[in-house]
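Chemist: As they're listed, the protein sequences go chains E and H.
The first sequence begins at 4 in my numbering and counts up one residue at a time.
The second sequence begins at 6 in my numbering and counts up one residue at a time.
My questions all concern the structure below.
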Amino acid sequence: MMNKLLLGRFIPGHSLVHRLDPRSKLLLSFYYIGIIFLANNWQTYLVLFLFTILAVRLSEIKMSFFIRGVRPLIWLILFTVLLQVFFTRGGTTYWSWGPIVLSQFGIVNGIYIFMRFVLIIFMSTLLTLTTPPLSLADAIEAILKPLRVVHFPVYEVALMLSIALRFVPTLMDETEKIMNAQRARGVDFGEGNLFQQMRAVVPLLIPLFVSSFNRAEDLATAMEARGYQGGEGRSKYRVLVWHAIDSWSVVGFAILTVILIWLRA
Amino acid sequence: MTDVTKIIEVEHLNFRYPQTEGRPALNDVNLTIEQGEWVAIIGHNGSGKSTLAKSLDGLLPLTPDSGTIRVAGITLSEDNVWNIRRQIGMVFQNPDNQFVGATVEDDVAFGLENIGLPREEMLTRVHAALKRVRMLEFADREPARLSGGQKQRVAIAGIIALQPQIIILDESTSMLDPTGRIEVLETVRELKEQANLTVISITHDIDEAANANRIIILDDGEIKESGTPAEIFQYGERLIELGLDVPYAERLKAALRRQNLVVPQQYLTEEGLVDWLWTLHSKM
Numbered sequence: 004m005m006n007k008l009l010l011g012r013f014i015p016g017h018s019l020v021h022r023l024d025p026r027s028k029l030l031l032s033f034y035y036i037g038i039i040f041l042a043n044n045w046q047t048y049l050v051l052f053l054f055t056i057l058a059v060r061l062s063e064i065k066m067s068f069f070i071r072g073v074r075p076l077i078w079l080i081l082f083t084v085l086l087q088v089f090f091t092r093g094g095t096t097y098w099s100w101g102p103i104v105l106s107q108f109g110i111v112n113g114i115y116i117f118m119r120f121v122l123i124i125f126m127s128t129l130l131t132l133t134t135p136p137l138s139l140a141d142a143i144e145a146i147l148k149p150l151r152v153v154h155f156p157v158y159e160v161a162l163m164l165s166i167a168l169r170f171v172p173t174l175m176d177e178t179e180k181i182m183n184a185q186r187a188r189g190v191d192f193g194e195g196n197l198f199q200q201m202r203a204v205v206p207l208l209i210p211l212f213v214s215s216f217n218r219a220e221d222l223a224t225a226m227e228a229r230g231y232q233g234g235e236g237r238s239k240y241r242v243l244v245w246h247a248i249d250s251w252s253v254v255g256f257a258i259l260t261v262i263l264i265w266l267r268a
Numbered sequence: 006m007t008d009v010t011k012i013i014e015v016e017h018l019n020f021r022y023p024q025t026e027g028r029p030a031l032n033d034v035n036l037t038i039e040q041g042e043w044v045a046i047i048g049h050n051g052s053g054k055s056t057l058a059k060s061l062d063g064l065l066p067l068t069p070d071s072g073t074i075r076v077a078g079i080t081l082s083e084d085n086v087w088n089i090r091r092q093i094g095m096v097f098q099n100p101d102n103q104f105v106g107a108t109v110e111d112d113v114a115f116g117l118e119n120i121g122l123p124r125e126e127m128l129t130r131v132h133a134a135l136k137r138v139r140m141l142e143f144a145d146r147e148p149a150r151l152s153g154g155q156k157q158r159v160a161i162a163g164i165i166a167l168q169p170q171i172i173i174l175d176e177s178t179s180m181l182d183p184t185g186r187i188e189v190l191e192t193v194r195e196l197k198e199q200a201n202l203t204v205i206s207i208t209h210d211i212d213e214a215a216n217a218n219r220i221i222i223l224d225d226g227e228i229k230e231s232g233t234p235a236e237i238f239q240y241g242e243r244l245i246e247l248g249l250d251v252p253y254a255e256r257l258k259a260a261l262r263r264q265n266l267v268v269p270q271q272y273l274t275e276e277g278l279v280d281w282l283w284t285l286h287s288k289m
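Rendered as structure tokens:
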């Protein structure tokens, strides 16, 4: 269950979006969140909407996966939208009650905010669905590289990230094992009130912590035995290659930006 | 003059874990291992087996009065510990806790990245190493999708990619099922023949030790016995006192001896014992 939450999001494939360099995907996703704020009328939102749909289609992943991405955030979205709808004044006022108003501008703003949320979620879901976590870690390393100038330990952080990702399934298995062992001793997981449930987690967490520290020590010894002396002087086996499609997607985003600036009110 | 065929020389090695009272973990250990030899080190838990293995690889905080360790003619010191580690590859007990890379090929490449090898060279070495341990078709697999034996073979690939002279198996097969155990030992045996490697295997499993050229018994941090498997297994029941799992054939012999049967003194494999038993009353 937890496994799905963390890692199962990636859907293997060979689509255009899958083949993009993780660096360009990560940077363009952030860029997209930035330019979404350029949109301020229905034309610009329509352009963004069409662009996002195009990107989703290019990934060859079913729309339902993206809609599922919106679901966990639906309450946050609705709350923000309702705030916008009921507290924005302007245009024709349809209804009012004390400080709460239902105005033309409010409704339009609510729709825009809703669109903005959905588009951002679709695009970030696209990133995580088409990029393996490990490639994302590589991309983060590549993007952080300039920080080496200020002595930020980029290699170490990248290795930490990749070891953390590599141990997620191992620790999941372990958690499962400990849960079963504790169930056999009579611990009830997921029953009783909140306090009782929290107490039930203690006999799970303590063995998990102890074994994680033992693992960490073993791993450190193994790494040292294999000659690990810190990030300096290491070469890299895994390399990221910038292809023509990466350049083309940058061009695509540039055109999108121009259109947005041109169409915005 | 250092004798080139003596790949490991240990003289008066003493070690005590910091903050421990009582017995030292290693007490005046003297040991010489020839190039191309397969040496099994056996002994019960806490006998100092793993401590000895780790000290050879410079993984313990040794002090100058701890004695001397020479590996391939280099005396172990803080300055050349990394040179020595390049000569020794270690396979540890827990397959999961030594898998650093996110995939099989990344893990094999880890050691190569550490020595800063150019990428082209890494690609060929990773490919060759995986081929030699027959894990090539698993190159892009994540460790979660491998069996224990496969993970240990990946660990071995990571070692031979670095082309060391010595492989230390630190109870590498103890967490594996019988199939995995055979897989790993077969792989090591093959590699040893191909590259004239020296193998030190630390084990509880006497069947694994039976295949060595020489067995060393450690007890309370001291070398108690050293000899060929045939010589060592003659001790029979005394091996149990030393905390070892005596092979089935030897246990059976001891039981027969208690029934006042005259049994051969030398070590017999299970098959050998079967042969001896069924010819016992045969007059042909």
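Beta carbons are placed, not taken as given, at the ideal position from N, Cα and C, and that holds for glycine.
This structure is a prediction, so every number in the text was calculated from the model and none was measured.
If I measure Cβ to Cβ from E/V121 and keep anything under 7 angstroms in the same chain, skipping five residues before and after, which residues do I get?
Modeler: Cβ within range, chain order: V73.
Chemist: Checking 8 angstroms against the spacing of the C-beta atoms, do E/F108 and E/T83 come in under that value?
Modeler: No, these two residues do not count as a Cβ contact at 8 angstroms.
Chemist: By the 10 Å Cβ neighbour count, where 16 or more other Cβ atoms means buried, how is E/F125 classified, buried or exposed?
Modeler: The residue in question, E/F125, is buried, as its Cβ has 16 or more Cβ neighbours within 10 Å.
Chemist: Do you know whose CA, among E/I80, E/F170, E/V160, E/I248, lies nearest E/A219's CA?
Modeler: Residue E/F170 is the option with its Cα nearest to E/A219.
Chemist: Round the Cβ separation of H/N19 and H/L31 to the nearest angstrom and send it over; I've been treating them as touching at under 8 angstroms.
Modeler: Going by Cβ atoms, the distance from H/N19 to H/L31 rounds to 6 angstroms, so yes, they are a contact pair.
Chemist: Check whether the Cβ atoms of E/I123 and E/I39 sit closer than 8 angstroms, and answer yes or no.
Modeler: Yes, Cβ-Cβ distance for E/I123 and E/I39 is below 8 angstroms.
Chemist: Could you tell me whether the Cβ of H/L64 comes closer than 8 angstroms to any Cβ of chain E?
Modeler: Taking Cβ atoms only, chain E reaches closer than 8 angstroms to H/L64, which makes this a yes.
Chemist: For the stretch 118-159 of chain E, which segments carrying the alpha helix (DSSP H) assignment without a break, of at least 4 residues, lie completely within its bounds, in sequence order?
Modeler: Entirely contained in the stretch 118-159 of chain E, the alpha helix (DSSP H) runs reaching 4 residues are, in chain order, 136-147.
Chemist: Output the boundary residues of the beta strand (DSSP E) element that contains H/M95.
Modeler: Its beta strand (DSSP E) spans residues 93-96.
Chemist: Report the three-state DSSP secondary structure of H/D175 (helix, strand or coil).
Modeler: Here H/D175 sits in strand by DSSP.
Chemist: Give the secondary structure of E/M24 by DSSP, where H, G and I count as helix, E and B as strand, and everything else as coil.
Modeler: Note that residue 24 of chain E corresponds to Asp in the displayed sequence, not to Met. E/D24: coil per DSSP, three-state reduction.
Chemist: What separation, rounded to the nearest whole angstrom, lies between the Cα atoms of H/D212 and E/I181?
Modeler: If you take the alpha carbons of H/D212 and E/I181, they lie about 32 angstroms apart.
Chemist: Find the nearest neighbour of E/T134 within the set E/I14, E/E177, E/L164, E/I264, judged by alpha-carbon distance.
Modeler: Ranking E/I14, E/E177, E/L164, E/I264 by Cα distance to E/T134 puts E/I14 first.
Chemist: Does H/G154 come within less than 8 angstroms of chain E when only Cβ atoms are used?
Modeler: No, no contact with chain E.
Chemist: If I'm right that H/T233 touches H/I47 with Cβ under 8 angstroms, what's the distance once you round it to whole angstroms?
Modeler: Contact doesn't hold; Cβ gap of about 13 angstroms is too wide.
Chemist: Could you work out which residues of chain E lie near H/A235, taking near to mean beta carbons separated by less than 7 angstroms?
Modeler: Ordered by position in chain E, no residue passes the 7 angstroms Cβ test against H/A235, which lies about 33 angstroms from the chain.
Chemist: Using CA atoms only, rank isn't needed, just tell me which of E/S18, E/R22, E/R26 is closest to E/I146.
Modeler: Per the Cα distances, E/R26.
Chemist: State the DSSP-derived secondary structure class of H/L285, mapped to helix, strand or coil.
Modeler: If DSSP states are grouped into helix, strand and coil, H/L285 belongs with coil.
Chemist: With a cut-off of 8 angstroms, does the C-beta of E/K239 fall near any C-beta of chain H?
Modeler: Answer yes: the Cβ-Cβ gap between E/K239 and chain H drops below 8 angstroms somewhere.
Chemist: Mapping DSSP to helix, strand and coil, what is H/T208?
Modeler: Three-state DSSP puts H/T208 in a strand.
Chemist: Counting only beta-carbon atoms, is E/D191 nearer than 8 angstroms to chain H?
Modeler: No, its Cβ sits nowhere closer than 8 angstroms to a Cβ of chain H.
Chemist: Answer with buried or exposed for E/A58, where buried requires no fewer than 16 other C-beta atoms within 10 angstroms of its C-beta.
Modeler: Per the 10 Å Cβ criterion, buried.
Chemist: Taking any Cβ of chain H, which residues in the stretch 161-173 of chain E have a Cβ under 7 angstroms from it, in chain order?
Modeler: Going along the stretch 161-173 of chain E in chain order, one finds S165, I166, L168, R169, P172, T173 with a Cβ nearer than 7 angstroms to chain H.
Chemist: By the three-class DSSP mapping on this structure, what secondary structure does H/G232 have?
Modeler: Strand at H/G232.
Chemist: Please list, in chain order, all residues of the same chain as E/L51 whose beta carbon is under 6 angstroms from its beta carbon, the five residues on each side excluded.
Modeler: So the qualifying residues of the chain are A42, L122.
Chemist: In the DSSP assignment, find the alpha helix (DSSP H) that holds H/A45 and state where it starts and stops.
Modeler: No alpha helix (DSSP H) contains H/A45, which is instead part of the beta strand (DSSP E) from 43-47.
Chemist: Could you tell me whether the Cβ of E/G16 comes closer than 8 angstroms to any Cβ of chain H?
Modeler: Judged by the 8 angstroms Cβ criterion, E/G16 is not in contact with chain H.
Chemist: Counting only beta-carbon separations shorter than 8 angstroms, does E/L222 have a partner in chain H?
Modeler: Yes, its Cβ sits closer than 8 angstroms to a Cβ of chain H.
Chemist: Could you give the distance in angstroms between the alpha-carbon of H/M6 and the alpha-carbon of H/L81?
Modeler: Caution applies to H/M6, whose pLDDT of 43 falls short of 50 and renders its modelled position unreliable; the value that the coordinates give is listed next. The straight-line gap from Cα to Cα measures roughly 17 angstroms.
Chemist: Could you give the distance in angstroms between the alpha-carbon of E/I114 and the alpha-carbon of E/L85?
Modeler: Distance between the alpha carbons of E/I114 and E/L85 is about 10 angstroms.
Chemist: Hey, out of H/E188, H/A134, H/L202, whose CA is closest to H/S177's CA?
Modeler: Considering only alpha carbons, the answer is H/E188.
Chemist: 8 angstroms is my cut-off, CB to CB: does H/Q103 come that close to chain E?
Modeler: Interface residue, yes.
Chemist: In its own chain, which residues sit with a C-beta less than 7 angstroms from the C-beta of H/E230, not counting the 5 before and 5 after it?
Modeler: Within the same chain, H/E230 has close Cβ partners I222, I237.
Chemist: Three Cβ pairs or more, each shorter than 8 angstroms: is that satisfied between the stretch 58-65 of chain H and the stretch 127-136 of chain H?
Modeler: No contact exists between the stretch 58-65 of chain H and the stretch 127-136 of chain H.
Chemist: I'd like to confirm the pairing. Which residues does DSSP put opposite H/I74 in its beta bridges?
Modeler: Answer is H/V15, bridged to H/I74.
Chemist: Between which two residues does the alpha helix (DSSP H) containing H/N119 stretch?
Modeler: Run containing H/N119: 109-119, per the alpha helix (DSSP H) assignment.
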